[in-house]
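Enquirer:
Number of protein chains: 2
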Amino acid sequence: MSAPSRPEPNYFGAGPALLPTNVLEEAAADLLNYQSLGVGVGEMSHRSSQATDIINETKENFNKILNIPDTHEVFFAQGGGTGGFAAVVYNMLASFAQKTGKKGKVDYFITGAWSQKASEEAERLGADVNIVADARKFNNGKYGVIPAKSEWKFSDPSETAYVYYCDNETVAGVEFAEVPEVPEGVELVADMSSNILSKELDVSKFGLIFGGAQKNIGIAGVSFYVIKKSLLDRLPQKEANALGIQVCPIFLDFPSIVKNNSAYNTVSILCIHIINLVLKNLLAKGGLSAQESLSKRKAQKVYSILDQNPALFNLPVDKSARSNMNIVFTINGEGNEEKFLKGSSARGLSGLKGHRSVGGIRVSNYNAVTEESIDKLIEFVKDFIKEASV
Amino acid sequence: MSAPSRPEPNYFGAGPALLPTNVLEEAAADLLNYQSLGVGVGEMSHRSSQATDIINETKENFNKILNIPDTHEVFFAQGGGTGGFAAVVYNMLASFAQKTGKKGKVDYFITGAWSQKASEEAERLGADVNIVADARKFNNGKYGVIPAKSEWKFSDPSETAYVYYCDNETVAGVEFAEVPEVPEGVELVADMSSNILSKELDVSKFGLIFGGAQKNIGIAGVSFYVIKKSLLDRLPQKEANALGIQVCPIFLDFPSIVKNNSAYNTVSILCIHIINLVLKNLLAKGGLSAQESLSKRKAQKVYSILDQNPALFNLPVDKSARSNMNIVFTINGEGNEEKFLKGSSARGLSGLKGHRSVGGIRVSNYNAVTEESIDKLIEFVKDFIKEASV
């Protein structure tokens, strides 16, 4: 039995994103026959000993790679990032209510499309939403900056269930350079769907980190959560509901999921196994310290060549807020963007079209995008510049 | 590039369940390189033209195989069957409220662990639950029958948002022989997680059919829904909430999902692609008419050998309610069940242990379990009987 393989792709899609070829080779073989059991990893009971081993090993590797303290717990659920937007509201409000007897306010940073959607979901679910800062107010109505700290307007800390932000915005290409400082005692919630595992992280700063898996860490069909264990102590749903908190569907109820080791309902063991393969692959390559250097170096190469040609390339994001994961730009000169996409495609470089809502070009620089791919792109950009300036 | 393969498994696990080897071979190859694009089916944008083609083709094949009328629509979502329990409540109550201005009552048949869980989720979410019939009341406190029609107690039809039942209960091994008749004008909702595609179905009888994919139709990570289109007309969530209906998280909001062709948020294109491969495989083998004959014949072979040896085997389920998908029994004589499991395992027959809550033996007879596997099992059972009666 030999696993399928492929030539190394040069693919810069924004997500679902590239995964390392060796990870997919192993996953493909395991889809047919896992550990010589005779059946595949997608066909085993999620409560079998093999599945439990996969879940436990994935959690251990998650703990190891992110250096997660004992105060925090890793778990997996369904619903993706968008499911997470809702899960955050239900669960964090009920935790705060357990501690204070109150519903609590929720504070949202809005720095791009994803944090905007998350705040809208909180509103839909009846949360009392305060916007800490909306980046558009400080950048002519467009995303592209992280508002200055002096502009942040938090709610009264004693009333605040949590502060929410999206660490990396894939559409706008905006990333927080540092974890935002929040008022003492207030829980911080981060959507890290698109930059988890790209850099080192002090998990102790967070009440909750979550994300859909389909960027740096796996494929769609599962979400990851890292929660401060004390937040699992929450008001029972009936009492929480009496305070105006919506009832959480049971499959997104954090305490139920954790109590059942992520197998309250049928979580995808294939998806968790792929996360584990990604984590093992990254640990073997030096973990997050090595990855952070690599991510920054790759991104810097792209930003650098673009910055050197300001007559041709427009980079809408403020330098202090530039994402290492999603590099967005537009190209001056009629027809130049089409020429760029066509030319890059002819060289086997794909997935470069900007998000439909903003247009232009987007270079996604996730973990599985190799430095060789970035170098090939740079070579193309150099040739493009020569031709464009003729 | 050659896909991995495997010897044909003889696996009777209850789910996540076996899939056809040729389906997994194709999926494994596509995980690395889909249609020679150079990237895999799990790495493509869920809004790419390739992903849209996969979703559309899967819907078409779903329509074809189940002969779904124009009045109904197929879509895919996250959350599994348990997510579906909640999604049903939110969406069906809001549809009924749109039609009547009222919250409505919900009627549940309880015939096993899954319909019981579904009714509990409806209760949690504040629905006004009426139990049409609880099978345990008619079978000494245990599941194992479908209550007689004369015992069914429906709510007033003008007040009823929907009647819910689980067509096949995997733990108890109970299956409805016929679609239950409900009062004129009341919408019928069916959980068909574990027996979809095992038999022909008159979809026009249903308001909604749903299920997790990981039995007959795919792998965990996606759920399927077939909804009567008129039910997509629902009261806006704020007005619905004012009537006491909980707000649906946006990623489970049926109208939003359908409007976005199942790609409102990042649905797993790999999981949908596997559904499509399963559907194509089944269509090539004669569709549901052929599958129904095969399913019944396979199940009958097992029930028959067990029925012939009543001193040894106890079949707790009433003959009229026997499942063609999950055949449950216990074995008389101390140590005989262990002997059965050990002996079958030695012959390469696996996944036969009963659910932890009921014990005994469970033979799951899903579509991907071949008649050859069933025949091997029968041969083992015959030898087991000989030895046991010595």
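Heads up: the protein sequence lines correspond to chains A and B, in order.
Going by full-length UniProt numbering, the residue at position 126 of the first sequence is 126; the numbering climbs one at a time, nothing skipped.
Going by full-length UniProt numbering, the residue at position 13 of the second sequence is 13; the numbering climbs one at a time, nothing skipped.
We put the beta carbon where it would ideally sit given N, CA and C, even for glycine.
(1) Could you check whether the Cβ of ASP107 (chain B) sits closer than 6 Å to any heavy atom belonging to the ligand FMN?
(2) Apart from the five residues just before and just after GLY185 (chain A), which ones in its own chain have a Cβ nearer than 7 Å to its Cβ?
(3) So that I know if they touch, is there some Cβ in chain A lying closer than 7 Å to that of VAL247 (chain B)?
(4) Quick check: is the beta carbon of GLN35 (chain B) nearer than 7 Å to any beta carbon in chain A?
(5) In or out: LEU93 (chain A) buried (at least 16 other Cβ within 10 Å) or exposed?
(6) Any beta carbon of chain B sitting closer than 7 Å to that of GLY84 (chain A)?
(7) Starting from GLU57 (chain A), trace the alpha helix (DSSP H) both ways and give me its first and last residue.
(8) How would you write the range of the beta strand (DSSP E) that TYR225 (chain A) sits in, first residue to last?
(9) Which residues mark the beginning and the end of the alpha helix (DSSP H) in which MET295 (chain B) is found?
(10) Taking the alpha carbon of TYR366 (chain A) as the reference point, which residue from A:ASN56, A:SER48, A:ASN324 has its own alpha carbon closest?
(11) Strictly below 8 Å CB to CB, what residues from chain A border PHE224 (chain B)?
(12) Going by alpha carbons, who is nearest to ASN332 (chain A) out of A:ALA346, A:THR170, A:GLY84, A:PRO310?
(13) Can you give me, in chain order, the residues of the region 255 to 287 of chain A that have a beta carbon less than 9 Å from any beta carbon in chain B?
(14) Just to confirm, is the Cβ distance from ILE269 (chain A) to HIS46 (chain A) under 7 Å?
(15) Kindly indicate which three-state DSSP category HIS46 (chain B) falls into: helix, strand or coil?
(16) Cβ of GLU18 (chain B) less than 7 Å from any chain A Cβ?
(17) Mapping the DSSP letters down to three states, classify ASN168 (chain A) as helix, strand or coil.
(18) For ASN61 (chain B) and SER364 (chain A), what's the separation of their Cα atoms in angstroms?
(19) Anyone know if the C-beta pair for PRO16 (chain B) and GLU43 (chain A) falls short of 7 Å?
(20) Does any residue of chain A have a CB that is nearer than 7 Å to the CB of LEU24 (chain B)?
(21) Which of the three DSSP states, helix, strand or coil, is assigned to GLY173 (chain B)?
(22) So, at 6 Å on beta carbons, what are the nonlocal neighbours of ALA87 (chain A) in its own chain, with the 5 sequence-adjacent residues on each side left out?
(23) SER262 (chain B) and GLY84 (chain B): beta carbons closer than 7 Å?
(24) In this structure, does DSSP put SER350 (chain A) in helix, strand or coil?
(25) So for ILE274 (chain A), helix, strand or coil by DSSP?
(26) For ARG297 (chain A), which residues in chain B fall below 8 Å Cβ to Cβ?
(27) With DSSP as the reference, please indicate the residues paired to THR330 (chain A) in a beta bridge.
(28) Starting from GLY13 (chain B), follow the beta strand (DSSP E) in both directions and report where the run begins and ends.
(29) Which of helix, strand or coil does DSSP assign to GLY84 (chain A)?
(30) What are the residues of the region 338 to 369 of chain B that lie near chain A, defined by any Cβ-Cβ distance shorter than 9 Å?
(31) For LYS64 (chain A), count the other beta carbons within 10 Å of its own beta carbon; 16 or more makes it buried, fewer makes it exposed. Which is it?
(32) Using a C-beta cutoff of 7 Å, does PRO4 (chain A) count as contacting chain B?
(33) Between SER45 (chain A) and chain B, is any beta-carbon pair separated by less than 7 Å?
(34) DSSP three-state label for SER364 (chain A), please.
(35) Once the 5 residues before and after GLU337 (chain B) are set aside, which same chain residues still bring their CB inside 6 Å of it?
(36) Use the C-beta contact count for PRO69 (chain B): other C-beta atoms within 10 angstroms, 16 or more gives buried, fewer gives exposed.
Expert: So, from the listed chains and residues:
(1) The ligand content of the structure shown is nil, which means the ligand FMN is not present either.
(2) In the first sequence, counting from the first residue as 1, residue 185 (chain A) sits at position 185. Result list for GLY185 (chain A): PRO157, in chain order.
(3) The residue given as residue 247 (chain B) occupies position 247 in the second sequence. Yes, because at least one Cβ of chain A sits closer than 7 Å to the Cβ of VAL247 (chain B).
(4) Within the second sequence, numbered from 1, the residue matching residue 35 (chain B) stands at position 35. Taking Cβ atoms only, chain A never reaches closer than 7 Å to GLN35 (chain B), which makes this a no.
(5) Here residue 93 (chain A) refers to the residue found at position 93 of the first sequence. That one is buried.
(6) Locating residue 84 (chain A) in the first sequence gives position 84, counting from the first residue. GLY84 (chain A) does not count as touching chain B.
(7) For the purposes of this step, residue 57 (chain A) is taken as residue 57 along the first sequence, with counting starting at 1. Note, GLU57 (chain A): alpha helix (DSSP H), 49 to 66.
(8) Translated into the one-based positions of the first sequence, residue 225 (chain A) becomes position 225. Its beta strand (DSSP E) spans residues 223 to 228.
(9) Taking the second sequence and counting its residues from 1, one reaches residue 295 (chain B) at position 295. According to the sequence as given, residue 295 (chain B) is Ser; it is not Met. Residues 287 to 307.
(10) What you label residue 366 (chain A) is simply residue 366 of the first sequence in a count that begins at 1. Nearest C-alpha to TYR366 (chain A): A:ASN324.
(11) Your numbering for residue 224 (chain B) matches position 224 in the second sequence. By Cβ distance, chain A contributes nothing, its closest Cβ being about 14 Å from PHE224 (chain B), past 8 Å.
(12) Working through the first sequence from its first residue, we reach residue 332 (chain A) at position 332. Looking at the Cα atoms, A:PRO310 is the closest of the given residues.
(13) Cβ contacts with chain B: TYR264, ASN265, THR266, VAL267, SER268, ILE269, LEU270, CYS271, ILE274.
(14) The residue labelled residue 269 (chain A) in the question sits at position 269 within the first sequence. The residue labelled residue 46 (chain A) in the question sits at position 46 within the first sequence. Taking 7 Å as the Cβ cut-off, ILE269 (chain A) and HIS46 (chain A) qualify as a contacting pair.
(15) As a working note, residue 46 (chain B) is residue 46 in the second sequence. HIS46 (chain B) carries a coil assignment under DSSP once its states are collapsed to helix, strand and coil.
(16) One-based indexing of the second sequence puts residue 18 (chain B) at position 18. Just to set this straight, residue 18 (chain B) is Leu in the shown sequence, not Glu. Cβ-Cβ to chain A under 7 Å: yes for LEU18 (chain B).
(17) The residue labelled residue 168 (chain A) in the question sits at position 168 within the first sequence. If DSSP states are grouped into helix, strand and coil, ASN168 (chain A) belongs with the strands.
(18) Taking the second sequence and counting its residues from 1, one reaches residue 61 (chain B) at position 61. Taking the first sequence and counting its residues from 1, one reaches residue 364 (chain A) at position 364. Taking the straight line from one Cα to the other gives about 34 Å.
(19) Along the second sequence, read from residue 1 onward, the residue named residue 16 (chain B) stands at position 16. Along the first sequence, read from residue 1 onward, the residue named residue 43 (chain A) stands at position 43. Their beta carbons are under 7 Å apart, which means PRO16 (chain B) touches GLU43 (chain A) by this criterion.
(20) Reading the second sequence from its first residue, position 24 is the one you call residue 24 (chain B). True, the Cβ-Cβ gap to chain A drops below 7 Å.
(21) Translated into positions along the second sequence, residue 173 (chain B) becomes position 173. The answer is coil: DSSP assigns GLY173 (chain B) none of H, G, I, E or B.
(22) Stepping through the first sequence from its first residue, residue 87 (chain A) is reached at position 87. So the list reads LEU252, once near-sequence residues are dropped.
(23) Taking the first residue of the second sequence as 1, we reach residue 262 (chain B) at position 262. Taking the first residue of the second sequence as 1, we reach residue 84 (chain B) at position 84. No, these two residues do not count as a Cβ contact at 7 Å.
(24) Numbered from its first residue, the first sequence carries residue 350 (chain A) at position 350. It is a strand residue.
(25) Taking the first residue of the first sequence as position 1, residue 274 (chain A) is located at position 274. Of the three classes helix, strand and coil, the one that applies to ILE274 (chain A) here is helix, per DSSP.
(26) Within the first sequence, the letter at position 297 stands for residue 297 (chain A). By Cβ distance, chain B contributes nothing, its closest Cβ being about 23 Å from ARG297 (chain A), past 8 Å.
(27) As a working note, residue 330 (chain A) is residue 330 in the first sequence. THR330 (chain A) pairs with A:ASN314.
(28) On the second sequence, residue 13 (chain B) is found 13 positions in, with the first residue counted as 1. Looking at the DSSP string, GLY13 (chain B) is not in any beta strand (DSSP E), and its letter there is neither H nor E.
(29) By one-based count along the first sequence, residue 84 (chain A) stands at place 84. DSSP places GLY84 (chain A) in helix when its eight states are reduced to three.
(30) Answer in chain order: GLY348, SER350, GLY351, ARG356, ALA368.
(31) The sequence position of residue 64 (chain A) within the first sequence is 64, counting from 1. Burial call: exposed.
(32) Sequence index remark: in the first sequence, residue 4 (chain A) carries index 4 (1-based). So, interface residue.
(33) By 1-based counting over the first sequence, the position of residue 45 (chain A) is 45. Cβ-Cβ to chain B under 7 Å: yes for SER45 (chain A).
(34) On the first sequence, position 364 is the one that residue 364 (chain A) refers to. Looking at SER364 (chain A) - three-state DSSP - the assignment turns out to be strand.
(35) The residue you call residue 337 (chain B) lines up with position 337 of the second sequence. Taken in chain order, the residues that qualify are ILE331.
(36) As a position in the second sequence, residue 69 (chain B) is number 69, starting the count at 1. PRO69 (chain B) is exposed by the Cβ-count criterion.
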